[in-house]
Amino acid sequence: VTVSVLYWLAFGSHQDTTMGGCESKDATKWTAADIPDQAGRVVVVTGANSGIGAETVRHAAAKGASVILCARDQKKGEEAAEGIRKKLPTDPKPGPIAVETLDLCSFDSVKAFARRAEAKEGAFANGIDVLVLNAGVMAIKEHTTTKDGFETQFQTNHLGSFLLVGSLLPVLKRSTKTPTVVPVSSIRATNGQMRADSDFDGWFKGTTPTYSPEPN
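Under the numbering used here, the first residue of the sequence shown is numbered 4, with each subsequent residue one higher.
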């Protein structure tokens, strides 16, 4: 999955397939070593203090991109960023990694993040060129709701990211480097089915006896 994300980070964000002389390859034959120079681009990665998100941050920064690592917990984000910096090569010079707090379970947090980006505060001084929607949760054992009143998994994986993209569109549109949004999903989604008789209101509120956070 990490390779797929990086593939679209590099090639999906450009209208041509040469990317500075590097011909695009089939994603199954492509590795992170094929990523061209990313200097001058600002890449935002949500859910980036571990897993796929952290790897995306590492490879993007290694290719010179200025990366904004997003995490729900600022301290965990800072610790993750420091660990990634220690793994980066010194030649060529890697891009800087900044940390921003972002909790998709909170619409207020998403809106505050977007306001900082719109105002070009701190790490957002040079705008945003690429937004990688990596954050997500799954397999929540019990029904829980956010303070906004939505089922936790639904808000984190869908509503929060939807609001984030919509709120950042003005910032992305100002990019001069072909603005790109890279959504990350799970193969588990292929197991799900949309049933016409589903009690969606009950599912989101937790009143449906058959509540399950995973595809049935």
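Every residue, glycine too, gets a C-beta built ideally from N, C-alpha and C. None of these values were measured; they are calculated from a predicted model.
Practice problem: Report back the beta-carbon spacing between residue 48 and residue 184 to the nearest angstrom; my notes put them in contact at under 8 Å. | Solution: Within the sequence shown, numbered from 1, the residue matching residue 48 stands at position 45. Within the sequence shown, numbered from 1, the residue matching residue 184 stands at position 181. Not quite, the Cβ-Cβ distance comes to about 12 Å (not below 8 Å), so this is no contact.
Self-check item: Residue nearest to residue 186 in terms of C-alpha spacing, selected from 167, 146, 137
Solution: Here residue 186 corresponds to residue number 183 of the sequence shown, with the count starting at 1. The candidate whose alpha carbon is nearest that of residue 186 is 137.
Exercise. Could you tell me which of 42, 53, 170, 190 sits nearest to residue 122, measuring between CA atoms?
Key: For the purposes of this step, residue 122 is taken as the residue at position 119 of the sequence shown. The shortest C-alpha separation from residue 122 is found at 170.
Quiz item: Residues bridged to residue 136 by DSSP?
Solution: Residue numbering aside, residue 136 sits at position 133 when the sequence shown is read from its first letter. DSSP, once it has assigned bridges, lists 186 as partnering residue 136.
Quiz prompt | Which listed residue (172, 145, 39, 53) has its alpha carbon closest to that of residue 114 | solution = Translated into positions along the sequence shown, residue 114 becomes position 111. Nearest C-alpha to residue 114 among 172, 145, 39, 53: 172.
Quiz prompt | Where residue 142 falls: helix, strand or coil (DSSP) | solution = Here residue 142 is taken as the residue at index 139 of the sequence shown, counted from 1. Annotated three-state conformation of residue 142 is coil, per DSSP.
Exercise. Report yes if the CB atom of residue 70 is closer than 8 Å to the CB atom of residue 132, and no otherwise.
Key: By one-based count along the sequence shown, residue 70 stands at place 67. By one-based count along the sequence shown, residue 132 stands at place 129. No.
Quiz item: Which residues in the same chain have their Cβ closer than 7 Å to the Cβ of residue 60, if we skip the five residues on either side of it in sequence?
Solution: Position 57 of the sequence shown, counting from 1, holds the residue named residue 60. Same-chain partners within the cutoff: 48, 51, 70, 72, 87, 100.
Quiz item: In three-state DSSP terms, what is residue 131?
Solution: For this step, residue 131 is matched to residue 128 along the sequence shown. Assignment of residue 131 by DSSP, reduced to helix, strand and coil, places it in the coil class.
Exercise. Compute the Euclidean distance between the alpha carbons of residue 25 and residue 117, then round it to the nearest angstrom.
Key: Locating residue 25 in the sequence shown gives position 22, counting from the first residue. Locating residue 117 in the sequence shown gives position 114, counting from the first residue. Residue placement at residue 25 is flagged as unreliable, the pLDDT there being 45, under the threshold of 50; the coordinate-derived value follows with that caveat. Between residue 25 and residue 117, the alpha-carbon positions lie close to 34 Å from each other.
Quiz item: So is residue 41 buried or exposed if we call it buried at 16+ other beta carbons inside 10 Å?
Solution: Taking the sequence shown and counting its residues from 1, the one referred to as residue 41 is at position 38. Burial call: buried.
Quiz item: Would residue 127 pass as a contact of residue 119 if the rule is Cβ separation under 8 Å?
Solution: Here the question's residue 127 lines up with position 124 in the sequence shown. Here the question's residue 119 lines up with position 116 in the sequence shown. Yes.
Practice problem: Would you kindly check if the distance between the Cβ of residue 143 and the Cβ of residue 158 is under 8 Å? | Solution: Translated into the one-based positions of the sequence shown, residue 158 becomes position 155. Translated into the one-based positions of the sequence shown, residue 143 becomes position 140. Cβ atoms of residue 158 and residue 143: not closer than 8 Å.
Quiz item: Measuring CB to CB, does residue 97 end up less than 8 Å from residue 64?
Solution: Position 94 of the sequence shown, counted from the start, is the residue given in the question as residue 97. Position 61 of the sequence shown, counted from the start, is the residue given in the question as residue 64. Cβ distance < 8 Å, so residue 97 and residue 64 count as in contact.
Practice problem: Pull up the DSSP beta-bridge partners for residue 154, would you. | Solution: Residue 154 sits at position 151 when you count from the first residue of the sequence shown. DSSP output for residue 154 lists 148 as bridge partner(s).
Exercise. Note down, in chain order, each residue of its chain lying with its Cβ closer than 6 Å to the Cβ of residue 67, except the 5 sequence neighbours on either side.
Key: Residue 67 sits at position 64 when you count from the first residue of the sequence shown. Excluding sequence neighbours, residue 67 sits near 40, 41, 42, 98.
Quiz item: Can the beta-carbon of residue 84 be found closer than 8 Å to that of residue 53?
Solution: Reading the sequence shown from its first residue, position 81 is the one you call residue 84. Reading the sequence shown from its first residue, position 50 is the one you call residue 53. Cβ atoms of residue 84 and residue 53: not closer than 8 Å.
Quiz item: So, using beta-carbon positions, are residue 163 and residue 107 closer together than 8 Å?
Solution: Mapped onto the sequence shown, residue 163 falls at position 160. Mapped onto the sequence shown, residue 107 falls at position 104. Using a Cβ distance threshold of 8 Å, residue 163 and residue 107 count as a contacting pair.
Self-check item: Selected residue, minimal CA-CA separation from residue 90, among 102, 58, 178, 77
Solution: Here residue 90 refers to the residue found at position 87 of the sequence shown. Ranked by how close their Cα comes to the Cα of residue 90, the residues 102, 58, 178, 77 have 58 in first place.
Practice problem: Measure the C-alpha to C-alpha separation of residue 161 and residue 75 and round it to an integer number of angstroms. | Solution: Walking along the sequence shown from the start, residue 161 turns up at place 158. Walking along the sequence shown from the start, residue 75 turns up at place 72. Taking C-alpha positions only, residue 161 is separated from residue 75 by approximately 16 Å.
Quiz item: If you follow the alpha helix (DSSP H) that residue 164 is part of, which residue opens it and which one closes it?
Solution: Taking the sequence shown and counting its residues from 1, one reaches residue 164 at position 161. Per DSSP, the unbroken alpha helix (DSSP H) holding residue 164 starts and ends at 163–176.
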